[in-house]
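As structure tokens, the structure follows; a few thoughts come after it.
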Amino acid sequence: MIHFLDVVNWSRIWVITIVGYSVVFTALVLLIFVFRLMPKLLNLHLKRRLKKEGKIVEADAGEEQYIAGEVNAAIALALSLYFNEMHDEESNIITIKRVERRYSPWSSKIYNLNNILPPRR
Amino acid sequence: MIHFLDVVNWSRIWVITIVGYSVVFTALVLLIFVFRLMPKLLNLHLKRRLKKEGKIVEADAGEEQYIAGEVNAAIALALSLYFNEMHDEESNIITIKRVERRYSPWSSKIYNLNNILPPRR
Amino acid sequence: MIHFLDVVNWSRIWVITIVGYSVVFTALVLLIFVFRLMPKLLNLHLKRRLKKEGKIVEADAGEEQYIAGEVNAAIALALSLYFNEMHDEESNIITIKRVERRYSPWSSKIYNLNNILPPRR
Amino acid sequence: MRKFVTVFTVLGLLFMVSVLSGGNVSAQDVTPDHVDSSSALVKGLHTFWQYTGFSNVTSGNLIMIVVGLFFIFLAIRFNYEPLLLVPIGTGILLGNIPFVEGFQIGIYEEGSVLNYLYFGVLKGIYPPLIFLGIGAMTDFSSLISNPRLMLLGAAAQLGVFGTFVGAMAMGFEIHEAGAISIIGGADGPTAIFSSSKLAPHLIGSIAIAAYSYMALVPVIQPPIIRLMTTKKERLIKMKPPRAVSKTEKILFPLIGLLLTLFISPTALPLLGMLFFGNLMKECGVTERLAETARTKLIDIITILLGLTVGASTQASVFLTSQSIKIFVLGAASFIIATAGGLLFAKIMNLFLRKENKINPMIGAAGVSAVPDSARVVQHEGLKNDPSNHLLMHAMAPNVSGVIGSAVAAGMMLSFLM
Amino acid sequence: MRKFVTVFTVLGLLFMVSVLSGGNVSAQDVTPDHVDSSSALVKGLHTFWQYTGFSNVTSGNLIMIVVGLFFIFLAIRFNYEPLLLVPIGTGILLGNIPFVEGFQIGIYEEGSVLNYLYFGVLKGIYPPLIFLGIGAMTDFSSLISNPRLMLLGAAAQLGVFGTFVGAMAMGFEIHEAGAISIIGGADGPTAIFSSSKLAPHLIGSIAIAAYSYMALVPVIQPPIIRLMTTKKERLIKMKPPRAVSKTEKILFPLIGLLLTLFISPTALPLLGMLFFGNLMKECGVTERLAETARTKLIDIITILLGLTVGASTQASVFLTSQSIKIFVLGAASFIIATAGGLLFAKIMNLFLRKENKINPMIGAAGVSAVPDSARVVQHEGLKNDPSNHLLMHAMAPNVSGVIGSAVAAGMMLSFLM
Amino acid sequence: MRKFVTVFTVLGLLFMVSVLSGGNVSAQDVTPDHVDSSSALVKGLHTFWQYTGFSNVTSGNLIMIVVGLFFIFLAIRFNYEPLLLVPIGTGILLGNIPFVEGFQIGIYEEGSVLNYLYFGVLKGIYPPLIFLGIGAMTDFSSLISNPRLMLLGAAAQLGVFGTFVGAMAMGFEIHEAGAISIIGGADGPTAIFSSSKLAPHLIGSIAIAAYSYMALVPVIQPPIIRLMTTKKERLIKMKPPRAVSKTEKILFPLIGLLLTLFISPTALPLLGMLFFGNLMKECGVTERLAETARTKLIDIITILLGLTVGASTQASVFLTSQSIKIFVLGAASFIIATAGGLLFAKIMNLFLRKENKINPMIGAAGVSAVPDSARVVQHEGLKNDPSNHLLMHAMAPNVSGVIGSAVAAGMMLSFLM
Ligand code: NA
Ligand code: NA
Ligand code: NA
């Protein structure tokens, strides 16, 4: 806190910033490079193996498979349903019914009830 | 152990005893106080909200709901059944049937069996 | 590593080897002894108790029960099926369908999905 | 009947221990000092023999092994607190395998595995984690619906303070007396936590005493209940408890945490964790964490705690006249606590209108040996009137007894640490 | 609406904190120095009183207790990150129970239970274990099928480096600035890990800031998205992602681990564990271990991490002008990160053919507040075109943002440790 | 066929290691000493470069990374011990990411996360916890019903003592030789535990050797079995095992614990935990604890143990001529152990009546690579007579082999610690 702006070695700050940001990009660009290459390599491998085994390499084997838009939408919908916050609004529901289940500061017996009773809800 | 009764500072002992016991009571009395008050506060809040929303506050909304005696008894019965010790008396049952399931001092494969086989019993 | 063969106290080595190997045998022989004796002791106990309770001790109560050979075979077969390595061969199956389930580096909400969704196969 | 046999066996055994050991057990080292065997092999066998348990066994070890086996027997045969007595019993066996020092075997040897695992006991780390799990499995509804029954949980802490005075009278040092007194709280984790802070050398004795008597609650309490209540009192039927809303159940741990800890901050590790666990259970949005806390986490800690507490009863450390005295004080503390709860319930009845009168038997549940003391009350209630179910009413003093003992332990720590 | 109220309440509260505390909160010790009470009992009561929270409470404690309760309220009422805010909120309560030192209560007191549990935070042990679980629950398919979207996760790290410069400008020491900057990564464990290495005294403030803003992502991001994108851009539909084979999914963690760690070895504890967890998940032969890592293990660590990080906000340590500045920087960092992602997406579009153009809104998901920022994008997408589901596309920058911030944190550690 | 390829690849790789590394791998530091770059940016890039793995990589690192990838490949492709080889393999990768010291990255650097997690290996804490889980998942019925087959588990410990003599002959120091010998026990946790006590610097090599050969049991054992038994012997059918009562199963761990530990107290951490786990499983009243011990607890420990043991193979420490020798000794030990079991079974047959004769192949299961060596026996049995199921008979020597190696390890510790 006793550092003042004019004391700070700003060139160092900028170096860290620029080098750091660049490296993050480099790392992910390298990953991109590898993963753009991979399907081709794996496919090549597959083709070769199929050839060896005497099977006919179909023309469309090399094409990438895409997930249809409707499937996409259906999934997204299902997910958004799950992701939705479902608030249990306050309701004076009788909750005393499981009063003594599961409790045991020192007693070990009640631990076992969890195994016997059906799971909570 | 080398302390003798007449060396012990008994006034201190009694102070700890009396203050300690009183404080335990104080703590729980405060909790009692809060929790006797709470249903009234929550109820008040509920009434106000209902009023705001234009709904009719029914006469019996303020009454506390009690759990009926029979329900109480049924629950207690069910519980006492669960709480009962159920001893498996010795019975020369053939137990060798799962001889080699689950075992593995160093082998990792068998760990996975637990995921495949149905749970024990 | 600077120890040479002629410097090593070989008599000590042989003592450890012989005593060690013998002790392993001793330990397991003692266990064998106890567990050959045990069924007889337990059986004796059982007979005595049955007598006390006025029940007729059947002649074959003392005989050991053996697991029939066919049962044995059936169990072994079932086990060998389980033990078999089941390799999932590479198959270009669409796996993107659960893209966003379960993920959360810092978000806590998604943790809960595991409780809602059916367990992963 | 069976239960009386059990009690007498326990007491007989304890008496035997004191007689046999005479307060200090000496090692029966059967190994001669010099062995002039010329053969290296005989020497090797001799070295091996010196390290065996057979060579180093003491009568103390044998006594403790019998005690350990007896604990395991009680757990399996009579289902007395099996989740605690099986690990503790096995721990006693492991702690009393005779050994030569220097091989990192014993629980008190630095670098041994048991010693590392014992760290969580010695530093009071395990008990709060147990309380976290307990909070996550406890339903405080009965207590929220009938708060005045909490007083019974406070009254039963007479066991704690009575034992404190008793321990001082029996000549214990004041910190030791404070630690011993918490046996009267009938809460294993609370007793272990307090001992770890006030008198670490007594952890084993205090824990074993506490767990033993808690396992024997169904044997100890009924006669006291019958002695201190009239037939008419035992027949009192109580009003069914009020239903509790979700908001109340969420507010309970928050208010409880702040209120009790402002009064007794030294109880923070115990009560903080208890109420934290309960909040996770009741808030409805962290069920996943509560589930882990009340299953796998508490299981792991229970295994480690039980095993190491058991192993800490190594005969050379455990078999002392102190341990005997602690067992005597423990028995007294359970009796006093039960009596305290019963008596206070009777006093409360003097001030209550007829329709609100409480059945004084539920006072016995204030000792907080949850849920066994509540079950004892239910049992006694049914004996007197087969339609009088007291279990739910007894749960309120029962769980408040846990809070009460933690506050009491906090007070002891405040005054003595 | 409700959400705006929330934001304003948070900001108002923070302002109040700074005004009330005035930068340094002084203890309001109400206890007089000498009490000439002759009676021992009064003396005892006095001793008791001295140790209570009521006697030692400071305005700072009260402020923090309100903050803790507010966190818990947000979690329960609005479901904002409940698994994190409930433990952290309760931790704040526990950390601000007023106490007298010397009783092993406080998280900064050696020998206290909280202090032992805090060890895992202080030494950076918990965050990698959280990452292990995260790896075991994350599906990287979206990223593998469309690798170029990873660039958006890199671009959003502008938040990190922008905050670094900002923190220096606001007068923080360079190591502190490095630790604070990681708030811009929008990853709790990464931020805590970096702080533990660079500026352990700021762990509490940094963690609280990071988690607060992450909880508020659904409030912070939408206006920025709308400000920085045109209606036409928001309507862009993207090509459905390619299906991913099992082999690719197994190779991903292995290649990712080697590549990123060769570039930034200091990120090893975080990225090593993340990819290890993912390998266990995807390899198909260790499902049992992956299941444990993503359920019980991560739950236990989440409980301990949340509770102790919360407790580390003890008012006497936490309520400083530094904390206020860190909160301001945190808000800025989230805005910069979001803008960085959006901007880069727009730049990328300049170089892409028409059918390959990306919807720039998914750039906002690069901040990696998984999965909330992806949900925000999905939400905004549906608002503009109810048939445009962007969730899956947004997951790629979202998870690559996690890797990006870990690499960025590794860089900070390399330069500053 | 596939399996032979695997074996040859492993051996070839190991040979390559020794050739390439020449006993001591030197760092190929590509960084020049002085960089006279005037620009601060270039200096910054240079600093960054100095810390990358690319700049510090050694041929040793690369070799070990290939080994790690190969382990993971074996686990996924051939399902060889995946729960162990995946964590160990990933650990090898993490341990061989090249780094500059001083950033708390490496497993041998104080303060690093890996170093903290390695503590449980170094102090021998993880192996007993693994044994706890193993006890809780093992059914000892086959052994109880046919106790004399335990002798085969004892006989196979020839592998341990033979390796001990061999290690001495190859010039190892006596404590090192003791640690190495336990590879012959074919029990990972036992080998790691013994190494941690006798020769901590060899933990990595010993563990890797033990797990490698255990994974290769299906490749190593069949030829030895065929070599040492006649066709006629391989056709012997055995009497079905006797049924076992619940009482016997409860008494087994108790008697086993007391008996074996009185004989060899130094085996307490291993055998005590093994029998404790088994008691929890069989006693019928602690199923909850047993379930946790054999699932989540053992999973967590397996993850941590595997990862850190793998990481302990940091090339600079691991790639020595010692490691090569240990691998050679390991191969020998598995062969000796198998032969020992087979031979003793043939000797036993000399003293048994015709109807009681045992199939000598089950002697091979005495090495205790459970359950793989038992499966090998079953497999070989079926090859000779498709109706001869030996699996259950082979389980008895198999599990007694575990007890046998733990006793043998205890003896080594008694003599050498
Ligand atoms: Na109590
Ligand atoms: Na990020
Ligand atoms: Na073995």
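Protein chains in written order, with our numbering: chain G, 1206 to 1326; chain S, 1206 to 1326; chain D, 1206 to 1326; chain L, 41 to 457; chain Z, 41 to 457; chain C, 41 to 457. C-beta atoms are modelled at their ideal positions from N, C-alpha and C, and glycine is treated no differently. The structure displayed is predicted, hence computed values, not measured ones.
Within 9 Å of any Cβ in chain Z, is that where the Cβ of residue i sits?
| i | result |
| --- | --- |
| Ile443/L | no |
| Thr326/L | yes |
| Asn119/C | yes |
| Ser304/L | yes |
| Val1224/S | yes |
| Gly100/C | no |
| Pro229/C | no |
| Val1234/S | no |
| Pro240/L | no |
Using a C-beta cutoff of 9 Å, does residue i count as contacting chain L?
| i | result |
| --- | --- |
| Val1228/D | yes |
| Val1239/D | no |
Output yes if chain C places a C-beta closer than 9 Å to the C-beta of residue i; else output no.
| i | result |
| --- | --- |
| Ala115/L | yes |
| Val1199/G | The question about residue 1199/G has no answer, for chain G in this structure spans 1206 to 1326. |
| Gly164/Z | yes |
| Ile112/L | yes |
With DSSP collapsed to three states, give me the class of residue i.
| i | result |
| --- | --- |
| Arg282/L | strand |
| Leu430/C | coil |
| Asn119/Z | coil |
| Thr203/Z | helix |
| Pro411/L | coil |
| Leu191/L | helix |
| Glu213/L | coil |
| Arg393/Z | coil |
| Met313/C | helix |
| Val82/C | helix |
| Ser185/L | helix |
| Val325/C | coil |
So that I know if they touch, is there some Cβ in chain D lying closer than 9 Å to that of residue i?
| i | result |
| --- | --- |
| Thr458/L | One cannot answer for residue 458/L here, as it falls past the ends of chain L, which runs 41 to 457. |
| Gln261/C | no |
Would residue i count as contacting chain G if we go by Cβ distances under 9 Å?
| i | result |
| --- | --- |
| Thr342/C | no |
| Gln90/Z | no |
| Ala80/C | yes |
Go through the residues and name those whose CB comes closer than 6 Å to any heavy atom of ligand 2, in chain order. Gly225/Z, Ala226/Z, Asp227/Z, Val407/Z, Ser408/Z, Gly441/Z, Val442/Z, Gly444/Z and Ser445/Z
Give the list of continuous alpha helix (DSSP H) stretches no shorter than 4 residues that lie fully inside the segment 121–159 of chain C. 122–135
In chain order, what are the residue ranges of uninterrupted beta strand (DSSP E) at least 3 long that sit wholly in the segment 336–389 of chain Z? none
Would you mind listing the alpha helix (DSSP H) stretches within the segment 240–298 of chain Z that are 4+ residues and don't spill past its ends, in chain order? Counting only unbroken stretches of 4 or more residues, the alpha helix (DSSP H) elements lying wholly within the segment 240–298 of chain Z are 243–255, 257–268 and 271–274, in sequence order.
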